[in-house]
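Encoded as structure tokens, the structure appears first; notes follow it.
Residue numbers (the working numbering): 1 to 142.
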């Protein structure tokens, strides 16, 4: 309830994680993600033998690790999101291997949301993380 109130008072929120939609099991949780965070669960990116997945968003292509490795958290499975049916919500990131939505952006009703169906910290390149965070902050703080 506190997050909902914060958002309706002009809040700005960045949400990221591998299961930000699929872990929302109850009707109340699903209502929260669709009515406040403006996305719903589409499907899950299945595990792959490929070492990385390429995503696109904010004008760049970038990778996340998909198999276990010594350096970074491996995103073996992650969520594909669906923007709510709203003119103010759109797919902002995509998994290039299947063109599914990897993240949404919402702006209206006095607040903004950027939700990523993968952990932001899993972006492998520091340069890409800086570029993405800069673009997301610019969207959220406008």
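Each residue gets a CB set at the ideal place from its N, CA and C atoms; glycine is no exception. Note that the structure is a prediction, hence the values are computed from the model and not measured.
Handout entry: the stretch 71-90 touching the stretch 129-139, judged by at least three CB pairs closer than 8 Å
Key = no
Exercise for the section: Spatial neighbours of residue 34 within its chain, please: CB distance less than 8 Å, with the 5 preceding and 5 following residues excluded, ordered by chain position. Expected result: 40, 84
Exercise for the section: Sort out for me which residues DSSP pairs residue 79 with in a bridge. Expected result: 44
Exercise for the section: Give me the Cβ distance between residue 117 and residue 140, rounded to the nearest whole Å; I'm assuming they're in contact under 8 Å. Expected result: The beta carbons of residue 117 and residue 140 sit about 17 Å from each other, so the pair does not count as a contact at 8 Å.
Practice task
Could you check how far apart the C-beta atoms of residue 18 and residue 119 are, in whole angstroms? I think they sit under 8 Å.
Solution key: 6 Å
Exercise for the section: Please state whether DSSP places residue 104 in a helix, a strand or coil. Expected result: strand
Exercise for the section: Tell me, to the nearest whole angstrom, how far the beta carbon of residue 62 is from that of residue 113; I am working on the premise that it is less than 8 Å. Expected result: Residue 113 and residue 62 do not touch by the CB rule: their CB atoms are close to 21 Å apart, not below 8 Å.
Practice task
Work out the CA separation of residue 22 and residue 96 for me, nearest whole Å.
Solution key: 20 Å
Handout entry: Residue nearest to residue 111 in terms of C-alpha spacing, selected from 54, 37, 87
Key = Across the set 54, 37, 87, the C-alpha of 37 shows the shortest separation from the C-alpha of residue 111.
Exercise for the section: May I have the straight-line CA-CA distance separating residue 143 from residue 128, to the nearest angstrom? Expected result: Since the displayed the chain opens at 1 and closes at 142, residue 143 lies outside it and no answer follows.
Problem - Buried versus exposed, by CB contacts within 10 Å (16 or more), residue 92 - result: buried
Practice task
Given a cut-off of 8 Å, decide if residue 106 and residue 88 are closer than it, judged by their beta-carbon atoms.
Solution key: Taking C-beta atoms as the reference points, residue 88 and residue 106 count as a pair closer than 8 Å.
Handout entry: Contact belief for residue 43 with residue 100 at Cβ below 8 Å, rounded distance in angstroms
Key = Contact flag correct, Cβ pair sits at about 7 Å.
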